[in-house]
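**Q** Numbering (UniProt numbering), first residue to last: 1 to 597. The structure that follows is given in the form of structure tokens.
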């Protein structure tokens with residue numbers, strides 16, 4: 001990562017630039033610029049869009065802001081392509097007064113009928129000095145926003161070091177982003193309000209769609225999300241109304257939205273995985289009169305040629321037509337035209353998992369089961385066993401030494417020794433447990449496979465709901481909102497966090513629409529069903545911010561030892577942290593030295 005640099009001596013730069021302007025008799029009043037706009041199927045804005053630049057060094061006494069240039073219009077754009085992204089390049093010339101100084105911000109006014117995605121702007125001042133603006137945001141028509149769009153250059157400043165010509169612009173920008181907590185948010189609004197997770201259900205469709213509001217209560221605490229301002233539902237005023245079961249056009253602030261290419265790819269790649277949830281007709285084509293699996297063979301058939309043979313000819317064409325018909329109702333017309341459909345693939349067949357491509361029975365091996373627990377998608381739940389027998393939530397485990405001691409000799413790291421499954425007991429704070437041991441024949445072998453399946457199902461649910469959704473996506477969103485509301489885009493911390501926040505709010509918004517909502521994909525695929533999100537709220541009560549860094553997490557799980565000689569030095573905090581501790585030391589070193597490439 002390369003951080004933006006601050007000017008070493010602003011006064012010297014101002015005098016130098018002003019001198020150069022005054023000495024350039026013909027070109028003294030012109031700043032050249034290049035504007036890059038992503039092409040996403042619409043005609044370019046052309047002369048319907050204009051640019052004005054603000055000085056970062058010369059204050060206009062009548063406004064208290066930097067001097068503002070004359071307008072320059074976008075004309076005669078040139079189309080280019082790079083890495084699959086089509087862009088349109090506009091060259092501009094901006095007239096300024098001789099004492100204008102160094103550009104620090106610009107206004108973009110879009111009087112075209114369509115929005116466009118502004119990739120970047122580059123300004124060239126005398127002596128070939130370059131001012132760069134990394135924009136990567138949507139610019140909406142002026143007739144909708146009623147205001148021009150303001151962008152700041154890539155130079156970062158702490159608040160008390162901000163050039164005087166940019167101070168007022170910086171303040172006004174932050175005020176506009178905070179909003180007032182009112183009104184329904186429109187697509188073009190750049191406002192970061194907080195709200196609860198009160199948009200996951202649709203009580204107007206019936207009792208089976210009712211879910212509790214998450215956030216704002218001790219019973220159901222939860223991180224905040226970006227407010228959309230949708231009106232309340234008719235039957236339950238505490239929840240937002242939902243017009244569609246799936247809504248891919250949900251409100252997201254323009255700076256957080258996917259680029260045209262990313263959004264098109266995201267939806268296209270999701271079609272194959274979600275076809276059975278986009279359209280109910282798909283289920284009847286694949287599976288009759290049942291919503292569960294009766295055997296392992298039935299699951300295996302999902303990934304084999306048998307399943308695709310069940311849907312051929314007119315039935316397959318009907319399915320593709322239904323998917324397109326349904327999608328057309330869910331996404332804007334412009335986006336619908338851009339999507340590359342997954343019709344090139346077999347919609348009736350899931351991709352074959354890599355692990356069974358060479359050996360269809362590999363999934364049932366104990367060693368492969370152990371490998372996936374340690375090196376799979378959710379290893380962050382593994383803890384070091386400090387005493388035996390293990391201690392559960394409601395007392396000691398029922399696993400005994402005799403269950404495992406005969407299997408320890410010659411055991412590899414990846415082989416499981418025993419599995420204990422528990423169910424809630426007849427009274428509160430009790431449970432009924434049963435221990436399963438490895439077996440190769442008969443009923444015990446079948447029970448052992450089922451026990452491993454239960455572990456995998458629980459681990460998958462925890463990974464999807466907690467490790468991934470809650471701990472990776474949901475808890476980050478309020479930090480993004482706070483950053484946008486309180487830290488200017490010129491603030492160094494904002495710059496540091498920007499790449500880590502990229503696309504998160506948009507992904508979370510889409511998740512609320514199709515993934516974590518009532519009757520959504522997670523409820524249909526995880527064993528936790530309709531209580532899935534309520535369960536994640538319960539586990540959010542255990543989440544602590546100070547335990548999220550890698551060193552603290554390793555110590556908590558008994559996978560590293562804290563060094564009492566260096567309690568405050570994260571680069572030397574562990575005597576036994578292995579590769580992960582060395583990686584953490586590299587992260588700290590990179591942060592201290594201003595980033596890496």
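Quick reminder that beta carbons are idealized off the backbone N, C-alpha and C, glycines included.
Going by CA-CA distance only, name the one from 92, 210, 83 that's closest to residue 32.
**A** Within the chain shown, residue 32 is the residue found at index 32, counting from 1. For residue 32, the nearest C-alpha among the options comes from 92.
**Q** Are the CB atoms of residue 168 and residue 64 nearer to each other than 7 Å?
**A** Start at 1 with the first residue of the chain shown, and residue 168 comes out as number 168. Start at 1 with the first residue of the chain shown, and residue 64 comes out as number 64. Yes; because the gap between Cβ atoms is below 7 Å, this pair is in contact.
**Q** Since residue 366 and residue 254 should fall inside the 8 Å C-beta cutoff, what is the C-beta to C-beta distance between them, to a whole number of angstroms?
**A** For the purposes of this step, residue 366 is identified with residue 366 of the chain shown, where counting begins at 1. For the purposes of this step, residue 254 is identified with residue 254 of the chain shown, where counting begins at 1. With 8 Å as the limit, residue 366 and residue 254 do not qualify as a contact, their Cβ atoms being about 51 Å apart.
**Q** Residue 204: which of 239, 457, 176 sits nearest, CA to CA?
**A** Mapped onto the chain shown, residue 204 falls at position 204. Closest by alpha carbon: 239.
**Q** Ignoring anything shorter than 4 residues, give me the alpha helix (DSSP H) runs that lie fully in the region 365-403, in order along the chain.
**A** The region 365-403 contains these whole alpha helix (DSSP H) runs: 366-375.
**Q** Do you know offhand how far residue 145's Cα is from residue 371's?
**A** If you number the chain shown from 1, residue 145 lands on position 145. If you number the chain shown from 1, residue 371 lands on position 371. Those two C-alpha atoms are separated by around 54 Å.
**Q** Apart from the five residues just before and just after residue 220, which ones in its own chain have a Cβ nearer than 6 Å to its Cβ?
**A** Working through the chain shown from its first residue, we reach residue 220 at position 220. For residue 220, where only same-chain residues beyond five positions count, the Cβ hits under 6 Å are 212, 214, 537.
**Q** Less than 8 Å between C-beta atoms, sequence neighbours within five positions excluded: which residues of the same chain meet that for residue 59?
**A** Within the chain shown, residue 59 is the residue found at index 59, counting from 1. Hits under 8 Å: 65, 66, 67, 164, 165.
**Q** Quick check: residue 201 and residue 532, are their CB atoms within less than 7 Å of each other?
**A** In the chain shown, the residue the question calls residue 201 occupies position 201. In the chain shown, the residue the question calls residue 532 occupies position 532. It is not a contact, given that the beta carbons lie outside the stated cut-off.
**Q** Alpha carbon to alpha carbon, what distance is there between residue 390 and residue 396?
**A** Your numbering for residue 396 matches position 396 in the chain shown. Your numbering for residue 390 matches position 390 in the chain shown. Near 6 Å, if we compare the C-alpha coordinates of residue 390 and residue 396.
**Q** Where do the N-terminal and C-terminal ends of the beta strand (DSSP E) with residue 533 fall, by residue?
**A** As a working note, residue 533 is residue 533 in the chain shown. Premise fails: residue 533 lies in the alpha helix (DSSP H), 532-540, not in any beta strand (DSSP E).
**Q** Could you spell out where the beta strand (DSSP E) holding residue 432 opens and where it closes?
**A** Numbered from its first residue, the chain shown carries residue 432 at position 432. Looking at the DSSP string, the run of the beta strand (DSSP E) that includes residue 432 is 431-436.
**Q** For residue 455, collect the residues of the same chain with a Cβ closer than 7 Å to its Cβ; drop the 5 residues on either side in sequence, then sort them by chain order.
**A** Position 455 of the chain shown, counting from 1, holds the residue named residue 455. Excluding sequence neighbours, residue 455 sits near 419.
**Q** Got a sec? Which residues, its chain only, sit under 7 Å from residue 417 by beta carbon, not counting five neighbours each side?
**A** Taking the chain shown and counting its residues from 1, the one referred to as residue 417 is at position 417. For residue 417, where only same-chain residues beyond five positions count, the Cβ hits under 7 Å are 404, 407.
**Q** As an exercise, report each continuous beta strand (DSSP E) stretch of at least 3 residues that is fully enclosed by the region 85-171, in chain order.
**A** Runs found: 85-95, 103-110, 116-125, 129-139, 149-152.
**Q** Identify the continuous alpha helix (DSSP H) that holds residue 462 and give its terminal residues.
**A** Position 462 of the chain shown, counted from the start, is the residue given in the question as residue 462. Start and end: 442-462.
**Q** With a threshold of 8 Å on Cβ separation, who are the neighbours of residue 133 within its own chain once the five nearest residues in sequence on each side are excluded?
**A** Start at 1 with the first residue of the chain shown, and residue 133 comes out as number 133. Closer than 8 Å at the Cβ level, and outside the excluded window around residue 133, lie 106, 120, 121, 122, 123, 151, 152, 153, 154.
**Q** Give me the Cα-Cα distance between residue 470 and residue 388, rounded to the nearest whole angstrom.
**A** Against the chain shown, residue 470 aligns to sequence position 470. Against the chain shown, residue 388 aligns to sequence position 388. Going by the C-alpha atoms only, they are around 31 Å apart.
**Q** Could you tell me whether the Cβ atoms of residue 540 and residue 197 are closer together than 7 Å?
**A** For the purposes of this step, residue 540 is identified with residue 540 of the chain shown, where counting begins at 1. For the purposes of this step, residue 197 is identified with residue 197 of the chain shown, where counting begins at 1. Against a cut-off of 7 Å, the Cβ pair of residue 197 and residue 540 comes out as no contact.
**Q** Roughly how many whole angstroms lie between the Cα atoms of residue 400 and residue 441?
**A** Start at 1 with the first residue of the chain shown, and residue 400 comes out as number 400. Start at 1 with the first residue of the chain shown, and residue 441 comes out as number 441. Roughly 23 Å between the two C-alpha positions.
**Q** With residue 422 and residue 432 assumed to form a contact (beta carbons below 8 Å), what rounded beta-carbon distance in angstroms separates them?
**A** Mapped onto the chain shown, residue 422 falls at position 422. Mapped onto the chain shown, residue 432 falls at position 432. With a Cβ gap of about 7 Å, residue 422 and residue 432 count as contacting.
**Q** With three or more beta-carbon pairs closer than 8 Å as the criterion, would you say the region 455-467 touches the region 485-501?
**A** The region 455-467 is not in contact with the region 485-501.
**Q** Sort 464, 447, 508, 465 by Cα distance to residue 477 and report the nearest one.
**A** Here residue 477 refers to the residue found at position 477 when the chain shown is read from its first residue. Looking at the Cα atoms, 508 is the closest of the given residues.
**Q** According to DSSP, is residue 529 helix, strand or coil?
**A** The residue you call residue 529 lines up with position 529 of the chain shown. Here residue 529 sits in helix by DSSP.
**Q** Could you round the C-beta distance between residue 50 and residue 71 to whole angstroms and report it? I think they count as a contact, below 8 Å.
**A** If you number the chain shown from 1, residue 50 lands on position 50. If you number the chain shown from 1, residue 71 lands on position 71. Their Cβ separation, rounded to whole angstroms, is 4 Å, which keeps residue 50 and residue 71 in contact under 8 Å.
**Q** Determine whether the beta carbon atoms of residue 177 and residue 485 lie at a separation below 7 Å.
**A** For the purposes of this step, residue 177 is taken as residue 177 along the chain shown, with counting starting at 1. For the purposes of this step, residue 485 is taken as residue 485 along the chain shown, with counting starting at 1. Result yes, Cβ atoms of residue 177 and residue 485 sit closer than 7 Å.
**Q** Could you tell me how far apart the beta carbons of residue 483 and residue 494 are, in whole angstroms, since I believe they sit closer than 8 Å?
**A** Reading the chain shown from its first residue, position 483 is the one you call residue 483. Reading the chain shown from its first residue, position 494 is the one you call residue 494. Correct: roughly 6 Å between the Cβ atoms.
**Q** In whole angstroms, what is the alpha-carbon distance linking residue 565 and residue 547?
**A** Residue mapping note: residue 565 aligns to position 565 of the chain shown, counting from 1. Residue mapping note: residue 547 aligns to position 547 of the chain shown, counting from 1. For residue 565 and residue 547, the distance between alpha carbons rounds to 20 Å.
**Q** Can you give the Cα-Cα distance for residue 559 and residue 527, rounded to whole angstroms?
**A** By one-based count along the chain shown, residue 559 stands at place 559. By one-based count along the chain shown, residue 527 stands at place 527. Looking at the two C-alpha atoms, the distance is approximately 30 Å.
**Q** So what's residue 358 in DSSP terms, helix, strand or just coil?
**A** For the purposes of this step, residue 358 is identified with residue 358 of the chain shown, where counting begins at 1. Of the three classes helix, strand and coil, the one that applies to residue 358 here is coil, per DSSP.
**Q** What residue range is occupied by the uninterrupted alpha helix (DSSP H) comprising residue 513?
**A** Within the chain shown, residue 513 is the residue found at index 513, counting from 1. Where residue 513 is concerned, the enclosing alpha helix (DSSP H) stretches over 504-514.
**Q** In terms of alpha-carbon separation, which member of 216, 218, 259, 210 lies closest to residue 241?
**A** On the chain shown, position 241 is the one that residue 241 refers to. Checking every option, the nearest Cα to that of residue 241 belongs to 210.
**Q** Under a Cβ-count criterion, where at least 16 other Cβ atoms within 10 Å of its own Cβ denotes burial, should residue 179 be classed as buried or exposed?
**A** Counting from one through the chain shown, the residue named residue 179 turns up at place 179. That one is buried.
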